[in-house]
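This report concerns only the one structure given below.
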Amino acid sequence: MMKFALAGNPNCGKTTLFNSLTGSTAHVGNWPGVTVDKKEGVYKKCAEPISIVDLPGIYSLSPYTPEEVISRNYILDEKPDCIINIVDATNLERNLYLTTQIMEIDVPIIIALNMMDAVEKNGDRIEPSELEKKIGLPVVAISALKENGLDELMSRAYEVSKQKRIGSTVLAGTELMHLIGDCKIALEGQKVDNALFHAIKLVELDEIEVKMHPESAKMVEEFKQTFKDDTFGCDFEAIVADSRYKYISTNYSAVVVKNKKSEGQKLSRSDRADKVLTHRVWGIPIFLLILFAIFHLTFSENFLFIGYGLPEGWVSLEGTAAEGLFGEGGINSPGVFLQSLLGLATDSITDAIRTAMENGAVAEWATGFVCDGILGGLFSVLSFLPQILLLFLFFSILEDSGYMARVAFILDRIFRKFGLSGRAFMPMIMGFGCSVPAIINTRTLADQNERTATLRVIPFFSCGAKLPILTAVAGGILSLANINNADIITYSMYLLGVVVAICAVLLMRNTTMKGDVPPFIMELPAYHAPQFKNLMLHLWDKLEHFIKKAFTIILVSTIVIWFFSHFSWSWHYLPDEQMNESILANLGQLIQPLFTPLGFGSQLGSFGWVFAVAAITGLIAKENVIATFGTLASCVVSGFIADEALEGVDAIEALIGATGIGIPALIAFIAFNLLTIPCFAAVATAKAESPSKSSFRWTLLFWVATSYIVGTMIYLIGEWWWTLFIILALWDAAITLIVLNNKGKIHLDGAFATLKSKLGKRKTE
Ligand code: GDP
Ligand code: MG
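So this is what it looks like as structure tokens:
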């Protein structure tokens, strides 16, 4: 199959174009570094099917970043039939810098002049045909977003791909051209492909090139001795870069006719917003406030805090079928309203099925299996779907508007001093969506130690699958504490994850995972109104993923759990009342004591094993935690409430009643699940992205230890507040020791080494 590759700067619209051409739904974000590995799809509207590859965004073909290495190697080694060089027309000069490098390769190229809709909106004008004449490559104006000009782009690309093209360079008139020519001849003598490209990279003394052709590199070094430029001395790399920019601004800039007025206005509007949003002092508080507003809209049952002033029961519709739909005591936020609506539907489905089965004289165990086992578990998870989708809608808006890029920028300013760059925060923030792509995104980090440290804390950024745990347990806490604001609890737990992540990554960066902090150069993308289509794509993606998971992993887990909780070791069916003698209960009771320090272990008595089992099933998929509660709760309380499906929050409340678990233990339970080993998929990705097997083993240990320690701390402080001071003192002592050690005042490293060698000796003795 023919192969076309999309190459261009970060954030120029490659993935948007890729999605439009191939009908795929790859992730589009208004910040650089979203696509890190190449993605492939098929375009079918040409005479033959064409494979389209979306490469990571790059500013140059020099190996400064991992993305640049991936894209460069792809173009040189895989030899695509055509390169579609996407150029952001609102930022022509900077984007053409990459073009001047790609054109040096012997490959058919077409320029896709993207974002033409934005150019027109600004009142600017760019004439594609003029640019085409000047640059000597075909140019097609498009809007990837509005899907304008795509057919023309592809049909011309197809034409172009059928012709051979020899690389050309804009450096022809410069003082280095002679040297470039000599290198080229030398390389051609060695039968090297793309001799012009390699010759120029050699003259730049590019790392990869020097390693590949040491002989020719010597030639460049020798020439260097005899050469002196007035401004750049003999820094050939700088001379080449400068020549490219000069050429671009003298030759191509004339193509753009700027509307002077709008230019100034637009810039200042984005700048003015940034003055506030990225303010040194207010940047972080504003971010926290925006985040809280989002959680409030999604989770609060006391919307805008007006509930306290309302007359009792005025929105609760007490006694009607829709009781509690709009609120009870307070007013429901949109998220809770949607959740209640879905709850009404699922409840009536379960009730209808139960009635039908009972009337049809189906065996009691079968009714229990279908209604409590399968439906209880599935609907438990499903009931959180509206809130998950709403939360992701808000996150997508933050991302697509360009605000998330600012957050990475603000965080960089604060944490750079402590060994953490803004680049590391980009994958972490992506972790709010799903850990899997976020862990893959750590490839953008050049320092291996920073990458490992970042990879380990990504799961602490709570993903969509952990949301049901947070929400359901938060609901239980509310009923214990008798308040209405679940948003405060979910918000705090999200922040807890972030705080633990930052503390842990800083600890690692200053102890076992030290390393340079590479400079963080990121151009902040212009703010723009989020694109409706893009938002819907994100939501659709989430929905599809969720439904698929619900009817595969979660469904199977639910069935397995129901069976093991209703059969004894001798394979006798056990009715609900005897569940404590089941296989699952026995296994749960075995591990239950492990969780005693966290407050949900032995102290919970005979039903406490449910929490232990739930925590373990969460290792397969985090939604399983709540599905497990849904499946088991109706059995736990069958003595109290008869014949009612217990889902989500109701299930937790039932378990609270049966076990007497308190608020500190419930929070510790959330924290444990939030911080412990993530789901199967994330673990497999972490393994694949780890530098070595032992590093991955440490990662697993790190997850277990962190969740256990943090969970224990929460339980201790919650039950005995004065333990807070002991924990703070220990933390303080640890930090002091690390700081002193890093300053060279004391020598912990040496002490550990001695200890290790002593232990080693004892072993051999
Ligand atoms: P990539 O980093 O090159 O893959 O760029 P993306 O495809 O992720 O797009 C970056 C941002 O530019 C997103 O917010 C897109 O919605 C936006 N974008 C992409 N193409 C266009 C376009 O043709 N016009 C406008 N106005 N925005 C676009
Ligand atoms: Mg992309």
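When the letters of the sequence shown are read in order and numbered with my numbering, they come out as residues -1 to 763. Note that beta-carbon positions come from the ideal geometry of N, C-alpha and C, so glycine has one too.
Between which two residues does the alpha helix (DSSP H) carrying G495 extend? As a working note, residue 495 is residue 497 in the sequence shown. Counting along the chain, the alpha helix (DSSP H) containing G495 begins and ends at A484 to N508.
Within the same chain, show all residues whose beta-carbon is closer than 6 Å to that of I661, passing over the 5 residues directly before and after it, in chain order. The residue labelled residue 661 in the question sits at position 663 within the sequence shown. So the list reads I475 and L478, once near-sequence residues are dropped.
For the ligand MG, I want to know if D770 counts as a neighbour, meaning its beta carbon is within less than 8 Å of at least one of the ligand's heavy atoms. With the chain covering -1 to 763 only, the question about residue 770 has no answer from this structure.
Same chain only: Cβ atoms within 6 Å of T296, ignoring 5 sequence neighbours per side: What you label residue 296 is simply residue 298 of the sequence shown in a count that begins at 1. Closer than 6 Å at the Cβ level, and outside the excluded window around T296, lie G333, Q385, L388 and L389.
State the Cα-Cα distance for the pair I282 and P425, rounded to the nearest angstrom. For the purposes of this step, residue 282 is identified with residue 284 of the sequence shown, where counting begins at 1. For the purposes of this step, residue 425 is identified with residue 427 of the sequence shown, where counting begins at 1. Rounded to the nearest angstrom, the two C-alpha atoms are 18 Å apart.
Whole-angstrom Cβ separation of I427 and V405, contact assumed at under 8 Å? Taking the first residue of the sequence shown as 1, we reach residue 427 at position 429. Taking the first residue of the sequence shown as 1, we reach residue 405 at position 407. Correct: roughly 6 Å between the Cβ atoms.
Sequence-distant residues of its chain with Cβ nearer than 6 Å to I246 (five each side left out): Indexing the sequence shown from 1 puts residue 246 at position 248. Excluding residues within five positions, the ones whose Cβ falls inside 6 Å are E91 and L94.
Just tell me which of I108, V255 and T674 has its CA closest to the CA of S159. Indexing the sequence shown from 1 puts residue 159 at position 161. Among I108, V255 and T674, the Cα nearest to that of S159 is on I108.
Where does the unbroken alpha helix (DSSP H) through E38 begin, and where does it stop? Within the sequence shown, numbered from 1, the residue matching residue 38 stands at position 40. Premise fails: E38 lies in the beta strand (DSSP E), K37 to Y41, not in any alpha helix (DSSP H).
Would you check whether the ligand MG has a heavy atom nearer than 8 Å to the C-beta of K36? Numbered from 1 along the sequence shown, position 38 holds the residue referred to as residue 36. Checking the Cβ of K36 against the ligand MG gives no.
Should S695 be labelled buried (16 or more other beta-carbon atoms within 10 Å of its own) or exposed? Position 697 of the sequence shown, counted from the first residue, corresponds to residue 695. According to the sequence as given, residue 695 is Arg; it is not Ser. Label assigned to R695: exposed.
Let's test the definition: count the other Cβ atoms within 10 Å of the Cβ of A640 and tell me whether it reaches 16, buried, or not, exposed. Translated into positions along the sequence shown, residue 640 becomes position 642. Caution applies to A640, whose pLDDT of 42 falls short of 50 and renders its modelled position unreliable; the value that the coordinates give is listed next. Label assigned to A640: exposed.
Unbroken beta strand (DSSP E) run spanning C181, endpoints: Taking the sequence shown and counting its residues from 1, one reaches residue 181 at position 183. Under the DSSP assignment, C181 falls outside any beta strand (DSSP E), being part of the alpha helix (DSSP H) whose first and last residues are M175 to G187.
Report the start-end ranges of each alpha helix (DSSP H) in the region 578 to 659 that is 4 residues or longer and not cut off at the edges. Here the runs fully enclosed are 581 to 589, 607 to 615, 621 to 634 and 646 to 657.
With a Cβ-Cβ cutoff of 9 Å, do S394 and P528 count as a contact? Taking the sequence shown and counting its residues from 1, the one referred to as residue 394 is at position 396. Taking the sequence shown and counting its residues from 1, the one referred to as residue 528 is at position 530. It is a contact, given that the beta carbons lie within the stated cut-off.
If we ignore side chains and look at the alpha-carbon of each, how far apart do F638 and I736 end up? One-based indexing of the sequence shown puts residue 638 at position 640. One-based indexing of the sequence shown puts residue 736 at position 738. Confidence at F638 is low in this model, with a pLDDT of 48, below 50, so its placement is unreliable and no value can be given for it.
Could you tell me which uninterrupted alpha helix (DSSP H) segments, each at least 4 residues in length, are contained entirely in the region 405 to 439, listed from first to last along the chain? List check, alpha helix (DSSP H) in window: 420 to 428 and 433 to 439.
Buried or exposed for L302, going by 16 or more other Cβ atoms inside 10 Å? The residue given as residue 302 occupies position 304 in the sequence shown. It counts as exposed.
Looking only at its chain, what residues have a beta carbon closer than 6 Å to the beta carbon of N439, apart from the 5 residues adjacent to it on each side? Your numbering for residue 439 matches position 441 in the sequence shown. Same-chain partners within the cutoff: V34, P425 and M428.
Please name the residue, chosen from A583, E299, H536 and P30, that lies closest to W791 on a Cα-to-Cα basis. Residue numbering for the chain in the displayed model covers -1 to 763; residue 791 lies beyond these limits and cannot be assessed.
Strictly by DSSP, which residues pair up with I124? Position 126 of the sequence shown holds residue 124. Paired residues: V254.
Is any heavy atom of the ligand GDP found at a distance shorter than 8 Å from the C-beta of G21? Here residue 21 refers to the residue found at position 23 of the sequence shown. Answer for G21: no, Cβ out of range of the ligand GDP.
Paired residues, beta bridge with V137 - DSSP: Taking the sequence shown and counting its residues from 1, one reaches residue 137 at position 139. The partner list for V137 (beta bridge, DSSP) reads I109.
Output needed for N483: all residues of its chain with C-beta closer than 6 Å, excluding positions within five of it in sequence on either side, in chain order. The sequence position of residue 483 within the sequence shown is 485, counting from 1. Listed in chain order, the non-local C-beta contacts of N483 below 6 Å within the same chain comprise S298 and N300, local neighbours out to five positions each way being set aside.
Suppose you measure from the CA of R123 to the CA of A548; what does that come to, to the nearest Å? Working through the sequence shown from its first residue, we reach residue 123 at position 125. Working through the sequence shown from its first residue, we reach residue 548 at position 550. One C-alpha to the other measures close to 50 Å.
So what's G777 in DSSP terms, helix, strand or just coil? Since the first residue of the chain shown is -1 and the last is 763, residue 777 is not available in this structure.
Verify the contact flag: V497, CB atom, against every heavy atom of the ligand MG, threshold strictly below 8 Å. On the sequence shown, residue 497 is found 499 positions in, with the first residue counted as 1. The answer is no for V497.
Pick out whichever of Y525, E326, G473 and G328 has its Cα sitting closest to the Cα of E397. As a first step, residue 397 is located in the sequence shown; it is residue number 399 there, counting from the start. For E397, the nearest C-alpha among the options comes from Y525.
Cutoff 7 Å; reference T657; Cβ partners in own chain excluding five residues on either side: Mapped onto the sequence shown, residue 657 falls at position 659. L602, G603, F605 and G606, listed in sequence order.
Buried or exposed by the 16-neighbour rule on C-beta atoms within 10 Å, applied to T248: Walking along the sequence shown from the start, residue 248 turns up at place 250. Its Cβ having fewer than 16 others within 10 Å, T248 is exposed.
Anticipated Cβ contact below 8 Å, T442 with T63, distance rounded: Counting from one through the sequence shown, the residue named residue 442 turns up at place 444. Counting from one through the sequence shown, the residue named residue 63 turns up at place 65. Confirmed, Cβ separation roughly 7 Å.
Just to confirm, is the Cβ distance from I198 to E130 under 9 Å? Counted from its first residue, the sequence shown places residue 198 at position 200. Counted from its first residue, the sequence shown places residue 130 at position 132. A distance of 9 Å or more separates the beta carbons of I198 and E130.
Threshold first: 4 residues or longer. Then list the alpha helix (DSSP H) segments lying entirely within the region 329 to 388, N to C. Counting only runs of 4 or more, we get 332 to 357, 362 to 365 and 374 to 380.
What does the alpha-carbon distance come out to for the pair E763 and D747? The count along the sequence shown starts at 1 and reaches residue 763 at position 765. The count along the sequence shown starts at 1 and reaches residue 747 at position 749. Low per-residue confidence applies at E763: pLDDT is 48, beneath 50, and the placement is therefore not dependable enough to give any value.
Does the beta carbon of T224 fall short of 8 Å from some heavy atom of the ligand MG? Counted from its first residue, the sequence shown places residue 224 at position 226. If you check the C-beta of T224 against the ligand MG, you find no heavy atom less than 8 Å away.
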